[in-house]
């Protein structure tokens, strides 16, 4: 499980520079750990990783899990958080293989994701994938609320 967390952190870090150039800044209270969204398996998995890291007294892994959980929530639960879409940013599409965790990375069109899946299935024989549509959002911080940038 630690290898998976490390791989996810590396992937997230490699995409962050490009994503920041396209996305608007979102404000968040980072003084407290994020809470998982009910009935979301990805949120639950990341919360478990965080709890396991906390139990091992591994502050670095705990922080990594919190960062990944916040990033996941911003990407997939923006509507629940009341954050409007960013009309200036293009929607991204991506997929990952649930058998080996290989991923397509962000793509600009769903057909590109489907092509990646076909090639991966042909090359590996894997047949199960997780697909995602990513939309960016804009968050405006109320004046004087004192929260820090995420």
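Residue numbers (the working numbering): -19 to 130. Note that beta-carbon positions come from the ideal geometry of N, C-alpha and C, so glycine has one too. This structure is a prediction, so every number in the text was calculated from the model and none was measured.
Backbone CA spacing between residue i and residue j [nearest angstrom]
i	j	result
residue -11	residue 95	26 Å
residue 100	residue 21	24 Å
residue 18	residue 103	36 Å
residue -9	residue 72	16 Å
residue 44	residue 33	10 Å
residue 97	residue 11	39 Å
residue 58	residue 39	27 Å
residue 116	residue 28	26 Å
Whether residue i touches residue j by CB criterion (8 Å)
i	j	result
residue 23	residue 48	no
residue 30	residue 42	yes
residue 90	residue 114	no
residue 111	residue 93	yes
residue 81	residue 52	no
residue 74	residue 88	no
Where the beta strand (DSSP E) containing residue i begins and where it ends
i	result
residue 111	109 to 114
residue 74	72 to 77
Residue i classed as buried or exposed, judged by whether at least 16 other C-beta atoms fall within 10 angstroms
i	result
residue 76	buried
residue 83	buried
residue -17	exposed
residue -13	exposed
residue 35	exposed
N-terminal and C-terminal residue of the alpha helix (DSSP H) that residue i is part of
i	result
residue 95	90 to 104
residue 43	39 to 56
residue 23	21 to 35
Rounded Cβ spacing between residue i and residue j (contact assumed at less than 8 Å)
i	j	result
residue 46	residue 13	5 Å
residue 79	residue 106	4 Å
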